[in-house]
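The end of the first sequence is residue 871 by this note's numbering, with every number in the run present.
Using N, Cα and C, we set each Cβ at its ideal position, and we do this for glycine too.
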Amino acid sequence: MSALPSFPITPLLPEIRASLAAHPRLVLEAPPGAGKTTQVPLALLDQPWLGDGKILMLEPRRIAARAAAQFMAQQRGEEVGHTVGYRIRFEARVGKATRVEVVTEGILTRLIQDDPELTGIGAILFDEFHERHLAGDLGAALALDVQGTLRPDLRIVVMSATLDGERIAQWLDAPRISSPGRSFPVKVAYPPARVQESTEHHLARVVRVALQENDGDVLAFLPGRREIARTQSILEAPLDHPPLPLGEGLGERVRSERSASVSPNPHPRPLSQRERGEIEVVALHGELSLAEQQTALSPAEPGTRRVVLATNVAESSVTLPGIRSVVDSGLAREPRFDPHSGFTRLETVNISQASADQRAGRAGRVAEGTAYRLWPQSRRLDPSRTAEIVQAELSGLALELAAWGITAGSGVELPWLDAPPAGALAQGRDLLTQLGALATDGRITALGREMLELGATPRLGAAALRAATELRALVADLLALMEARSPLRGEQARTDDFRARVNALHAWRDRHTAGARTGADAGALAAIEQASKGWRRRLDVRSAASGVPDSHAVGDLLLHAFPDRVARRDDGNPLRYTLANGRGARLHESTALHGEPWLVALDLRFEARDSLILAAAPIDPRVLERDYPAQFRRERVLRWNEERQAVEAFEEQRYAAIVLDRRSVPVKPEDALPALLAAVRAKGIDVLPWSEHAHRLRARMQALRAWMPELGLPDVSDAALLDTLDDWLAPYLNGKRSLGALGADELSQALGSLFDYEQRRQLDAQVPESLTVPSGMNRRLDYAEGEPPVLAVKLQELFGLADTPRIANGRIPVTLHLLSPAGRPIQVTQDLKGFWERTYPEVKKELKGRYPRHPWPDDPWTAAPTHRAKPRGT
DNA sequence: CTCTCCCT
């Protein structure tokens, strides 16, 4: 150990050893450059608790796993594969003597599932745990479960670079040791955007400032390719105005921000023509070919300064030499799974504080640096990155859990740092059931176990294992191509026909064409071929596929991975498709798949209406009939025809939600009734044929209920009627096929049926339709909710009536609308007596002249009531 | 008409 070179973490190693001797779990916080990855595993090798056990160290990336193993082996003066080895998918360098095994995260899950006792393993170290990958979280939860049950002696060390150590330590119930890093101070500035300035213009402007104020290269972080391209064109366009004047705006602001441990170039000056000519702008993102990435990663020509416009690749995956300043948009694109739609979509989000610090740290690897942040300093960032487990698609996790014995109803839980959300987990289990990996009781099937053993995603695993033996060579290619980014470049890169990728791989393999002529990236194809070779080994295939597969072969194999994304072209619109899950999708206008009646959509960009199909392959629908017979259904379907206000019946032949054939069939009465009731429920009570009579009947029923609550009458408000349609309306709709067939009388009868005989008797007695007035005529009563009834009547008809009539057992006085002989309103009153006494004499004086042929007695109490005028001449 | 990064 004494031979170890010194790292910032070196002085802490005794403390780390002591802690693990006393306590089986530990949280180790150390920023990049502290040496934790390479020093901690070796420092634990001689510990008594380890005996001759192995140390497993998890890395989130393959490159990092290889590099860490390489570095440690070198440090011991050995080859990789002796004391120190590594294991990543399709590649292992471990030997009998190997005691430190650096593995990628998915490998650990396999190891634990294969041997839950973790025989021979004494410690597991989770490096870069702050990245919170799904596999890392699962691995840690499984390891904790094993430690708590079968292996109390197992040591678990979680190494993290963020401020989140406290939370992790609580979760683990573990002590916490922090190490300083090895990096130079980085000064942070927050230059604000100008009014209406786009992110790209803001960023380009600050990049120019960074070039002025600092030596060395500039690394800028943007959320994606589109923003990188826009920024690049802004930076490469000739300046239409001279660069920033001295001492104004940003230059000043930068120097006044925070206390700087180092002051940037104290005399920023405009770039000269010559200097600008020496600045090289390069893009860096995951879609680039290896060669293109190399350009960005290699040192610039002497005398040339470089501006690297990068996505998140540059945050952790690659190291860039010579960076002295970082310009950070504060944005990243992250996948979010929506359990409702079953799709994952990319969202542009604000980065976490941990990411911001990690990005800024990139400016301090070689010397002091400056980080320019393009968001307001007042903005509060989330302290650390959201764990993948809370926002990702979870079918893979659900399958691992099922293999561990955790099913939907098992009630068993793992000790999660962040538990998987129930909705996404349920959706994952649904998919697994559809793929045949889970039985109906939720337990894992034999196919599910095979899928885990194969080590592909559940979707691709299902496709691979269901393929006929003679197609397995092609399946291996499809797995490799599906997992990789598209190898196509140039014109070809735009195609949405997935078969173009297969053809490019086969052409490259067959050496018929040079890499360049296939329009594909030879480096990418070589990597895909490596993966395909790995899959061929696992699938027991001797030789690789070649040539151009049959037109449906690719789709027919991959539809077993995406049975829910089988798509059929709509009749009306050749670009529009309906997916088996019922959602809409469309091909873009320059599609290479125009006219294909059936597709399997392999990649979609989610949109609320019609998702865009980014990659697809044609399929033969007969394969669906053969392999998913249960999804084919012939069903009677009832539809509401809005125009006819009537029920229609169809017989539909469907694959899942895709309608293959629809024929009109006669409507059965027992079919129609529920559909008619549903239509009323959906459209509201006003859709019924309300007559004047029915309205009035309902008003009286409501009035009686309000005025004589002791009768306990049913509510006939809109809401109550809708709630009880089955009771009162159904008998009258029975046998009908449209709402129009319901007569107005029938509606009244139906309403009336809500009251029994006695209640109807009370209705007629207490809330009558009309009153007989002294003239002998029946005059209608008008009922409105919450008001006394209105009796409109000519004055002359009431002669002899002393008091206001009352109804509802005398509880409610009617409101009299007293009318002139011509039917014009004279007075509204509930006090007839008062009217006769006070108002009538005046009314008489006024109207007698106008209606001389009508009686205007001085004494209305004793006069004979009449509804007619006096006969002429009397 | 345009999608971040990674992994069994």
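The three-state reading of DSSP puts residue 68 in helix, counting H, G and I together.
Where residue 344 is concerned, there is no enclosing alpha helix (DSSP H), although the beta strand (DSSP E) around it starts and stops at 340 to 347.
Taking the Cα positions, residue 44 is about 15 Å away from residue 9.
Annotation for residue 555: 460, 475, 597, 599, 614 place their beta carbon closer than 7 Å to its own, counting only its chain and skipping 5 residues before and after. Taken through DSSP and simplified to helix, strand or coil, residue 863 comes out as coil.
Counted as a single uninterrupted DSSP element, the alpha helix (DSSP H) harbouring residue 427 occupies residues 419 to 432.
About 6 Å separates the beta carbons of residue 308 and residue 219, which is inside the 8 Å limit, making them a contact pair.
In this structure residue 775 is exposed. Its beta-carbon is surrounded by fewer than 16 other beta-carbon atoms within 10 angstroms. A direct Cα-Cα distance of roughly 19 Å separates residue 121 from residue 79. Contact check for residue 47 against residue 105 fails: the beta carbons are separated by 8 Å or more. Approximately 16 Å separates the beta-carbon atoms of residue 590 and residue 602; this is outside 8 Å, ruling out the contact.
The criterion of a C-beta distance shorter than 8 Å is satisfied by residue 360 and residue 323.
The beta carbon of residue 577 sits closer than 7 Å to the beta carbons of 560, 561, 562, 563, 652, 653, 654, 655 from its chain, once the five residues preceding and following it are set aside; these are given in chain order.
With distances taken between CA atoms, residue 706 lies nearest to 759 out of 730, 748, 759, 690. Taking the C-beta atoms as reference points, residue 152 is found no nearer than 8 Å to residue 117. When the five nearest sequence neighbours on each side are left out, the beta carbons in the same chain lying within less than 6 Å of the beta carbon of residue 729 are those of 743, 747, in order along the chain. Residue 822 sits in a strand when the DSSP states are folded into three classes.
Cβ-Cβ distances below 6 Å link residue 228 to 197, 200, 201, 306 in the same chain, with the five nearest sequence neighbours on each side left out; the list follows chain order. Here residue 346 has 328, 329, 330, 331 as same chain residues with Cβ atoms under 8 Å from its own Cβ, once five neighbours each way along the sequence are excluded.
Here residue 82 carries a strand assignment [DSSP, helix/strand/coil]. Shown here for residue 86: not one same chain residue has a beta carbon closer than 6 Å to its own, the five before and five after excluded. As for any beta strand (DSSP E) of minimum length 3 sitting wholly inside the region 537 to 602, the runs are 563 to 566, 573 to 576, 581 to 583, 595 to 602, ordered along the chain. With a cutoff of 8 Å on beta-carbon distance, residue 859 and residue 797 are scored as near each other.
Burial state of residue 337 is exposed, judged by a 10 Å Cβ sphere holding fewer than 16 other Cβ atoms. Between residue 65 and residue 99, the gap from beta carbon to beta carbon is short of 8 Å.
Every alpha helix (DSSP H) of 4 residues or more that sits fully in the region 593 to 669 is shown, in chain order, as 618 to 624.
Distance between residue 73 and residue 579, taken at the CA atoms: about 60 Å. For residue 369, the uninterrupted beta strand (DSSP E) run begins and ends at 366 to 370, by DSSP. For residue 103, the closest alpha carbon among the candidates 394, 848, 426, 349 is that of 394. With a cutoff of 8 Å on beta-carbon distance, residue 581 and residue 606 are scored as near each other. For residue 779, the enclosing beta strand (DSSP E) stretches over residues 775 to 779. Take residue 765, set aside five residues on each side of it, and the residues of its chain with a beta-carbon closer than 7 Å to its own are 778, 804, in chain order.
A straight-line Cα-Cα distance of about 23 Å links residue 808 and residue 753. Residue burial annotation: residue 366 is buried, with at least 16 other C-beta atoms found within 10 angstroms of its C-beta.
Looking at 520, 40, 650, 33, the one whose alpha-carbon comes closest to that of residue 179 is 33. By the neighbour-count criterion, in which a residue is buried when 16 or more other Cβ atoms sit within 10 angstroms of its Cβ, residue 587 is exposed.
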